[in-house]
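Single-structure report; data block below.
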Amino acid sequence: MRLTILINGPDPTVNHDYAVLWLDTEQRRWSREAHEGVHLPPWGEMRDSDGVTALCAPSAEAPLCTLEGLHVDRRQRVSSSQGVAAWQSERTHSPMNGFWRLQAVDRQPVKAENSIFGR
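Just add 692 to the spot in the sequence shown (first one is 1) and you have the working numbering.
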């Protein structure tokens with residue numbers, strides 16, 4: 693299953709920073725599809741603990757971004773459609789807070805035409 697997630701700042705009318713991500717719940721990986729201001733690498737790995745999904749760089753433990761309230765259970769039920777997101781500013785290295793929103797759910801097995809995972 694693949695989720696499309698939008699991450700943006702607390703007030704998108706003032707701060708236009710955003711990222712659009714695909715989260716592959718089967719491979720436990722994510723990819724960045726578009727972004728401006730929310731700087732994340734092209735892809736990474738996902739970890740889910742206590743209702744918080746952590747987006748990490750490949751083979752890294754420390755999260756680059758956390759999505760509070762996002763959990764997918766064994767029956768592919770998504771726990772929430774929105775929540776708090778946290779990441780670090782690339783420019784100032786200070787903590788940033790905003791929101792994540794579920795944009796789409798694709799429950800069919802997805803085989804990417806040009807997969808970047810593992811590169």
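From the three backbone atoms N, C-alpha and C, an ideal C-beta is built for every residue, glycine too.
Check: With DSSP run on the structure shown, which of helix, strand or coil describes S741?
Finding: Sequence index remark: in the sequence shown, residue 741 carries index 49 (1-based). In the structure shown, S741 sits in a strand (DSSP, three-state: E or B).
Item checked: Straight-line gap, R799 to R721 (C-alpha atoms, nearest Å) -> Translated into positions along the sequence shown, residue 799 becomes position 107. Translated into positions along the sequence shown, residue 721 becomes position 29. Their backbone Cα atoms lie some 16 Å apart in a straight line.
Item checked: C-beta contact flag for I697 and L715 at 8 Å -> Locating residue 697 in the sequence shown gives position 5, where the first residue counts as 1. Locating residue 715 in the sequence shown gives position 23, where the first residue counts as 1. Yes, Cβ-Cβ distance for I697 and L715 is below 8 Å.
Checklist line | Nearest neighbour of R783, chosen from H727, S741, H731 and S773 [CA to CA] | finding: Within the sequence shown, the letter at position 91 stands for residue 783. Nearest C-alpha to R783: H731.
Note to self: Here's a check: name, in chain order, each residue in its chain whose Cβ is nearer than 7 Å to the Cβ of R811, leaving out the five neighbours to either side.
What the structure shows: Here residue 811 refers to the residue found at position 119 when the sequence shown is read from its first residue. Here R811 scores only 48 on pLDDT, less than 50, and its place in the model is too uncertain to base an answer on.
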